[in-house]
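Sequences listed follow chains D and C, in order.
The opening residue of the first sequence carries number 1 in the working numbering; numbering runs sequentially from there.
The opening residue of the second sequence carries number 100 in the working numbering; numbering runs sequentially from there.
Even glycine gets a Cβ: it sits at the ideal position worked out from N, Cα and C.
Note sheet for the following structure.
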Amino acid sequence: MLLIDCPYCGPRPEIEFTYGGEAHRARPADPAALSDEEWAGYLYLRRNPKGRHAERWRHAHGCGRFFNALRDTVSDAFLATYRVNETPPPPTIGPEAAA
Amino acid sequence: MIGAFRTPSGGRIDRARPLRFSFDGRVHHGAAGDTLASALLANGVHLVGRSFKYHRRRGILGAAAEEPNALVTVTRDAARSTPNLRATQVELFQGLRADSQNRWPSLDHDASAVANLLAPLLPAGFYYKTFKFPAWAWRRLYEPAIRAAAGLGRAPAHPDPDRYAQRYAHCDVLVVGAGPAGLAAATLAAESGARVILCDEQAEMGGSLLAESAATIDGRPAQGWLAATLAALARHPRVTLLARTTAFGCFAGNMVALDERVTDHLAAPTPGLPRQRLWLVRARQVVVAAGALERPLVFPHNDRPGIMLADAARTYLMRYGVRVGRRAVVATAHDSAYDAALALHAAGVAIAAIADQRPTPGAAAERVRAAGIAVRSGCVVATTGGRQRVAWAGLMPAGGGATEPVPCDTLLICGGWTPSVHLVSQARGALRFAPETQAFVPDRPVPGQHPAGACRGVFGLAAALADGAAAGEAASRATGHGGARPWRGAVSGDTAWTGGGAPGLAPGVGAGRAFVDFQNDVTAKDVQLATREGFRAIEHVKRYTTAGMATDQGKTANLNTLGIAAAALARPMAEVGLTTFRMPYTPVPFGSLAGAARGDLLDPVRRTPLHDRAAALGAVFEDVGQWRRARFFPRSGEDMAAAVARECRAVRTGAGLFDASTLGKIEVAGPDAARFLDRFYASAVAALPTGRCRYAVLCREDGFIMDDGIIARLAADRFHVTTTTGGAARVLAMMEDYLQTEWPELEAWVTSVTEQWAVLAVQGPRARAVLAPLVDGVDLGTFVHMRMAEGRVAGAPARLMRVSFTGETGFEVNVPADFGPAVWDATLAAGQAHGLTPYGTEAMHVLRAEKGYIVVGQDTDGTVTPDDAGLGWTVGRAKADFVGRRSLARAAMAAPGRRQLVGLLTEDGMRTLEEGAQLVADPHEGPPMRVLGHVSSAYHSATLGHPIALALLTDGRARTGERLFVAMPEGAVPVRVTSPVFYDPEGARLHG
Ligand SMILES: [Zn+2]
């Protein structure tokens, strides 16, 4: 079971969390100004990378807060977690970069 | 008498404490410290089971977890009967009752043994080939017959009466396996300051040390060192020792699952203790010291009772004081069997011959020859004979030649050692093939995991101790501890192995009836056949032959299967690779995995504050998610249809009382509460005056309906929002999402208050008359539809709303949950004069469908827009933005061809349609028929005297009046498309 480091509560087991999809996708300030294609891109297109992935998690059965995490989709390792208003840590972060 | 084959002294059993037990109804005696297997062997019982497919006689092969043959059922009573236990792991207790499996009527005379004669007809994959024709016969004939014949033990027919516990634990270092490597690792880790859990699957910790006699450690006999080491660990405040505890699974983040057998070994289980306990250990570091398992040799008829792993025989002698026979032949491909031969020889067992398939055996052969035992190098067993038990071994020069039968009652075999890399592989650790030990060993280390000792191919006592110590040191250092004294542990008397043991078929012998997987009855010939039939990947060979797929997961079979497949494919073993290891290492009872989550505790049941009142009135309940809701209130002699019809009539003509407490309720507060709800819901909320309610639809960002409910404004900065019963948690999570991540500048807070309020819906033309005497502080005379006010009802503080889900004059009385029952009682009493009738969810559904009110999730399916559902009027089109607005502006959302909510009336006015049934224009159209939509709600309306239905229909509103057909099980039913509002289309009754 994964151990996820909630930036507000500390490390907690995976079952306390819900997944929230790709991070850093702000809802457009004026959706009406977008073309159908642009809106579809916001609504449906996601990166789905192999490797480092910035994603949203919610500590649903804890503090209830949303936060962001960098996870390696190959190893399933959490490289970092950070608050929604923080910028993602640099790519040098995490055990794999250190190795 | 504790067994005719018992030695007069030696071993770890207590001869002064004899234990009576039965096997297949026959009473024997063993001693405290015995396993069922050692006790049976002490009594000369080798035949313990019939094989799975051919029903061949089988004996005890091993001495531990690897045992494939000796599967027994241990029975305490009718409900406490555990099948498929390995006799080698069942501790003996007074009165133990064990029975063999897979035989009828008895082990000696098994009716199904005819399968052995039919073996040529039952090759690998026979069920794919043999039972193909005719097609109908598989379901009706072949499958039932195969299912009856197959399978091992039987599960008890009664529910499991035992209790199972589960607990989480945390430690710095978890050490799996308390053999020499594990003991050294635990000792060093504990001394350096780490918190340690040490677990071992056996009753006694010590692993190979429990059968060690010659070696000394730190100048003490090995068993003395073991006792002192275990005593020191037991005293240590940072160490938890768990015997009888199998580490069966390793998960992400070093979460290791352990199964502790707490009372299985007791003649009278201690009341209050769980039968087993599941530990979920979150370890910062894991030392895997799981040891290695001895591997059989593969040759024809290698499965007779009396044929046993060589080191298992040594273990039975040294640990349990049991001679497994009187005259043994030893066949080996590895040095370790010589230790067994010497030990048995010293205990008085005649060693007729040692056949070593290697041309030049290791140094061990010289020690054995010095003891007067004949060693034949380059010699294999070509076949064996004997009926109830092996009677002779046919020795043949490796590669071929004349076979010489050598009489014996025991044949000890050793094909080498297989490291137990299960936990390493489960943790996604890579394995590599080590040619020097002919074994797969851990390759690159898994972060946080330290394999040590035999499980990583480090054999021999001194080497294992040193390796374990190094692993314990590394693990504790990784947790920030360190500074233990260096490992000393000087070892003498340890016998070195020079290895050997090529997995596969012994050189020059036949493949027929040469068993590779004893439990699944797979022979070398089956594996060769699979490769000839084109299976080249080892995973496919495994699945086709079923080798390695039995309850033992191929502990003794996998390497030999691989060796035979590799030889047949003429490829190196390293290249063919190993199958994946999966948990559990040994079987774990479902009870242990379920723990307390059984029966009522499997899933929490949510009961409303009014539940007991409904139950007292004889309500029939239904499950709605986790909620238990009153479905209808039958009076004596009424069936559901009659009760629902009466309840509906009461609401339409008088008044009904409904428990609506399951509705989701969210309180939204803060200076920006109105702005937030206005952006969140599709309906306009900002301008809603205080004291008013509004029906509101919530869309997802893709524009489709997600939920609906009532928004009531309590104050400028406070709202009472209801959601559907099933959508409450989803809506709250979505509100949090938008507030926290999209609009963090909004000062609004959302709180679930679903369980804080009991909700009584009073509905019907006489609803006001019912409530009037109870209401305090609200003028019901001016309290028109969609008003809300705070006041008192029957003395309780209340949020009163004038809302209706029935189409009648309606009130919803929200009172704090604890007041609910009293207000229910008062309302029923006040309503008696008006015929106030409690009604359930079934009547509620009929009443709302008569009005065309949708239920989200029943009449919508995630592709329905507000306009599709006839709810376009609820959308605040003037708003600049709300969740879903941009998607609703897409041209496709208004294009023709969308499915829209309509009503359906059957032409005959008799049949109630089935929900989910498909709508078509022409029932005689050939396939593929064009489906125009489906029925989403269908009920019999007592008020109207005929059935009604709601449906989602392509271009539905434009089809009003059309004749279509609904596909029902009995045939196409003609229907007429109507408005979804069947009753009071003007809505006059709402305002009565
Ligand atoms: Zn948290």
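Item                                                                                                                                                              : Value
Given a threshold of 16 other Cβ atoms within 10 Å of its Cβ, counted over all protein chains shown, does C/Glu1006 qualify as buried or as exposed?              : exposed
Which residue from D/Thr73, D/Gly41, D/Glu38, D/Cys63 puts its Cα closest to that of D/Ala54?                                                                     : D/Thr73
According to DSSP, C/Ile765 sits in a beta bridge with which residue or residues?                                                                                 : C/Val820, C/Ser851
Does the beta-carbon of D/Tyr19, which I'm using as the reference point, lie nearer than 7 Å to any heavy atom of ligand 1?                                       : no
My understanding is that C/Cys554 touches C/Asp410, with C-beta atoms under 8 Å, so please give their C-beta distance in whole angstroms.                         : Contact doesn't hold; Cβ gap of about 16 Å is too wide.
Tell me the rounded alpha-carbon separation between C/Glu535 and C/Pro541.                                                                                        : 14 Å
Measure the alpha-carbon distance for C/Ala673 versus C/Ala538 and round it to whole angstroms.                                                                   : 9 Å
Using a Cβ-Cβ cut-off of less than 7 Å, list which residues of the segment 329-359 of chain C approach chain D; keep chain order.                                 : Phe350, Ala351, Gly352, Met354
Kindly indicate the opening and closing residues of the alpha helix (DSSP H) around C/Cys747.                                                                     : 739-752
For the beta strand (DSSP E) that D/Phe78 lies in, which residues bound it at each end?                                                                           : 78-83
Please state whether DSSP places C/Ile159 in a helix, a strand or coil.                                                                                           : coil
Within 10 angstroms of the Cβ of C/Met495, are there 16 or more other Cβ atoms? Answer buried if so, exposed if not.                                              : buried
Which residues does DSSP pair with C/Ser476 in a beta bridge?                                                                                                     : C/Asp455
Since C/Ser519 contacts C/Ala389 with CB under 8 Å, what's their CB separation in whole angstroms?                                                                : 4 Å
Return yes when at least one heavy atom of ligand 3 lies under 7 Å from the C-beta of D/His59, else no.                                                           : With respect to ligand 3, the structure offers nothing, as its ligand set consists of ligand 1.
Nearest to C/Thr517 by alpha carbon, out of C/Gly499, C/Ala551, C/Arg394?                                                                                         : C/Arg394
Taking a contact to mean a Cβ-Cβ separation below 8 Å, would you say C/Ala193 touches C/Leu118 in this structure?                                                 : Rather than Ala, the amino acid found at residue 193 of chain C in this sequence is Gln. Yes, they are a contact pair.
For chain C, find out if any of its Cβ atoms is closer than 8 Å to the Cβ of D/Gly64; answer yes or no.                                                           : yes
Just the C-alpha distance for C/Val852 and C/Ala942, rounded to the nearest angstrom, thanks.                                                                     : 26 Å
Against C/Thr850, what residues of chain E qualify as contacts under a CB-to-CB distance less than 9 Å, listed in chain order?                                    : The structure shown contains no chain E; its protein chains are D and C.
Using a 10 Å radius around the Cβ and a threshold of 16 neighbouring Cβ atoms, would you call C/Met887 buried or exposed?                                         : buried
What separation, rounded to the nearest whole angstrom, lies between the Cα atoms of C/Gly1093 and C/Phe1081?                                                     : This structure leaves residue 1093 of chain C out entirely; chain C is present only between 100 and 1091.
Nearer than 7 Å: is that true of the beta carbon of D/Arg65 relative to any heavy atom of ligand 1?                                                               : yes
Which residues bound the alpha helix (DSSP H) around C/Leu341?                                                                                                    : No alpha helix (DSSP H) holds C/Leu341; the beta strand (DSSP E) holding it covers 338-341.
Ignore the nearest five residues each way along the sequence and tell me which others in C/Asp777's own chain have a CB closer than 8 Å to its CB.                : Ala783, Val784, Ala785, Gly975, Lys978, Phe981
Where does C/His154 land, buried or exposed, given buried means 16+ other C-beta within 10 angstroms?                                                             : buried
When you check each C-beta in the segment 36-47 of chain D against every C-beta of chain C, which residues fall closer than 7 Å?                                  : Asp36, Trp39, Leu43
Does any C-beta atom of chain D lie closer than 8 Å to the C-beta of C/Thr578?                                                                                    : no
Determine the extent of the beta strand (DSSP E) in which C/Trp596 is found, giving its start and end residues.                                                   : Careful: C/Trp596 lies outside any beta strand (DSSP E) and carries neither H nor E.
For C/Leu396 and C/Gly158, I'd like the C-alpha separation in whole angstroms.                                                                                    : 15 Å
Apart from the five residues on each side of it in sequence, which residues of its chain come closer than 7 Å, Cβ to Cβ, to C/Pro222?                             : Asp625, Leu628
Looking only at C-alpha atoms, which of C/Ala569, C/Leu1051, C/Ile809, C/Thr823 sits nearest to C/Ala284?                                                         : C/Ala569
Return no unless some Cβ of chain C is closer than 8 Å to the Cβ of D/Pro7.                                                                                       : no
Would you mind stating whether C/Gln308 and C/Gly278 have Cβ atoms separated by less than 8 Å?                                                                    : Looking at the sequence shown, residue 308 of chain C is not Gln but Leu. A contact, by the Cβ cut-off of 8 Å.
Applying the criterion that 16 or more other CB atoms from any shown protein chain within 10 Å of the CB defines a buried residue, is C/Val489 buried or exposed? : buried
Could you work out which residue in C/Pro1068, C/Ser1035, C/Ala916 is closest to C/Gly951 when comparing CA atoms only?                                           : C/Ser1035
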